[in-house]
Amino acid sequence: MKIREGIAVILLAIAVMSCSDHEQHGINLEPSALAKATHPGARVYQSACMSCHALATKEEGVAPPLFGVKDHVLKAYPERAAFIQRIVAWVQAPNPQDVLMPGAVKKFGLMPAQTQLSEADLQAVAEFIYDTDLTKPDWYAAHYQAEHGKKP
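For the sequence shown, numbering that gives the first Met the number 0 assigns the number 0 to the initial residue and increments by one for each residue that follows.
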């Protein structure tokens, strides 16, 4: 039964991932990244996060692109456990007094709390974000330098 469930998860991840433009969403699907697409957090990301955090350009969308979120959180919380804890806490209850991306909050507003997600789902998606290689689009380096006065 476990093998059948594992195969179903892998096939579902491959089917879902093959139906969209991954470079547009900032997800690198090299063979090692494809293996990570079977990560339990990939399903959560695809169903709960990707509609807002999968942007191809900085001009479109309703939230900052996932690679930008990861980049900012990693700078403040480089250790895996702290990174995951920060993502989980932020998604449960975004705090306007503890913002890591003030430019994004100014542009998009404060993210609403995602209370529909369980603690296990939040943990899984935070692990997935930390563990997955997210490709940065060409415009990101110039944008980061303009915003922060230094290269990413």
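The beta carbon of each residue, even a glycine, is placed where N, CA and C say it ideally should be.
Margin query: Once the 5 residues before and after valine 87 are set aside, which same chain residues still bring their CB inside 7 Å of it?
Written below: Cβ within range, chain order: Leu121, Gln122 and Ala125.
Next item on the list: Could you pull the start and end residues of the alpha helix (DSSP H) that leucine 65 belongs to?
Entry: Segment 65–75, the alpha helix (DSSP H) holding leucine 65.
Item checked: Endpoints, the alpha helix (DSSP H) within which aspartate 137 is located -> That residue, aspartate 137, is in no alpha helix (DSSP H); it is neither H nor E in DSSP.
Notebook entry, point to check: Residues in its own chain within less than 8 Å of glutamate 29 by CB, not counting five upstream and five downstream?
Noted result: Per-residue confidence for glutamate 29 stands at a pLDDT of 42, beneath the threshold of 50, marking its modelled position as unreliable; no derived number is given.
Next item on the list: Give the C-beta separation of alanine 112 and proline 95 to the nearest angstrom, bearing in mind that I take them to be a contact with Cβ-Cβ under 8 Å.
Entry: Taking C-beta atoms under 8 Å as the contact rule, alanine 112 and proline 95 fail to qualify, at a distance of about 12 Å.
Checklist line | Collapsed DSSP secondary structure at leucine 109 in the structure displayed | finding: Three-state DSSP puts leucine 109 in coil, outside helix and strand.
Check: How close, in whole Å, do the beta carbons of phenylalanine 107 and valine 61 come, if the pair is a contact with beta carbons under 8 Å?
Finding: The Cβ separation is near 6 Å, so the contact holds.
Checklist line | 8 Å contact criterion, which phenylalanine 82 and threonine 134 should meet: CB distance rounded | finding: Phenylalanine 82 to threonine 134, Cβ: 19 Å. No contact.
Notebook entry, point to check: Can you check whether the CB of valine 90 is closer than 8 Å to the CB of leucine 116?
Noted result: Contact: yes.
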